[in-house]
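So the structure is just underneath, and the comments pick up after that.
Residue numbers (full-length UniProt numbering): 1 to 349.
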């Protein structure tokens, strides 16, 4: 078969834009003849006045600048071969693709951007890839929404945890500074006021602890598929520290650890009230004792006065008795002297 000349398409002054030269081998004759039969009508139609008026580029030609398609959009150009297709990249097949062996690199390049047959293996593979991509994209967007919600919940959790920890640290410091139960009325009264204030603040803040626990339970329930171990541990620590405020001993010195259990803050209040009641009872007992002592002193003074009075009367009686005895003695002596004989009285005289 004779050697065919290369086919040239002239554009804007007749410059060659695309050429093809066929070899003389026997196995390419069929493709060359088929290409020639397809390309000749294009050469015949190139000079047609109708086509020139419509401005429709023929296969193998690059349209002039500014030429637009029938739909009002710029001409679709194949960047690899300069082929302009007014109906889009998939409307017409490039003639060169028909002369290339199926599956070749050049054939794939020419067919790029063209729709594949719906039942071809490549079409089914592309469909599966597109479905897989859509499914993956949907899951990724869903996960992003979950992570955004998780971020918001985590930020609220951290803010609440920081607030609770600051309060607990302040209460622990306050508890550590508490002294042992006093023994005087003024000390006990001051400790009772401090005790009531501390217990009231504990009771008032219990609602915030419950809100913090509710937030934790929400995180654990909503994000069951995620790792919530840290959230659980932090919540347990907060609850333990709060409970310890009711069960720890107030430190008596800085070296004593606050975790040493002596009595709860409630029991401390009971002890303070008991000490105050005991002090009041002691005061009342002391008042009673002083009253009794005063009464006893009065009774003693009365007894002493009576004793003195009785002692005076006794002295008088004793003096009277002595005077009576002396009088009797004098009478007896006188009587005895009168009863003696005269001889005896003369001797005595």
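Ideal placement from N, C-alpha and C gives every residue a C-beta, glycine not left out.
- At least 9 Å separates the beta-carbon of residue 160 from that of residue 219.
- By the neighbour-count criterion, in which a residue is buried when 16 or more other Cβ atoms sit within 10 angstroms of its Cβ, residue 198 is buried.
- In this structure, residue 178 lies away from residue 241, with their beta-carbon atoms at least 9 Å apart.
- Under the DSSP assignment, residue 141 falls in the alpha helix (DSSP H) whose first and last residues are 121-176.
- Collapsing the DSSP output to three states places residue 195 in a helix.
- When secondary structure is reduced to three states using DSSP, residue 224 falls in the coil class, being assigned neither helix nor strand.
- With a contact defined as Cβ atoms closer than 8 Å, residue 175 and residue 272 miss out at about 14 Å.
- About 17 Å separates the beta carbon of residue 185 from that of residue 290, a gap too long to meet the 8 Å contact definition.
- Going by beta carbons, residue 209 and residue 164 fall inside the 9 Å limit.
- Our two residues, residue 314 and residue 306, have alpha carbons roughly 12 Å apart in a direct line.
- Here DSSP, grouped into helix, strand and coil, assigns residue 183 to coil.
- Taking the Cα positions, residue 245 is about 7 Å away from residue 172.
- With fewer than 16 other CB atoms across the displayed protein chains lying within 10 angstroms of its CB, residue 145 is exposed.
- Residue 235 sits close to residue 216, with the two beta carbons spaced by under 9 Å.
- Residue 276 and residue 192 do touch by the CB rule: their CB atoms are close to 7 Å apart, below 8 Å.
- A distance below 9 Å separates the beta carbons of residue 223 and residue 153.
- Residue environment: residue 333 is assigned as exposed (fewer than 16 neighbouring CB atoms within 10 Å of its CB, all protein chains considered).
- The alpha-carbon of residue 149 is positioned some 24 Å away from that of residue 133.
- Around the beta carbon of residue 195, 16 or more other beta carbons sit within 10 angstroms, so the residue counts as buried.
- Straight across, the Cα-Cα distance linking residue 180 with residue 309 is about 58 Å.
- Burial check for residue 126: the Cβ neighbour count within 10 Å stays below 16, so the residue is exposed.
- Rounded to the nearest angstrom, the gap between the Cα atoms of residue 201 and residue 243 is 14 Å.
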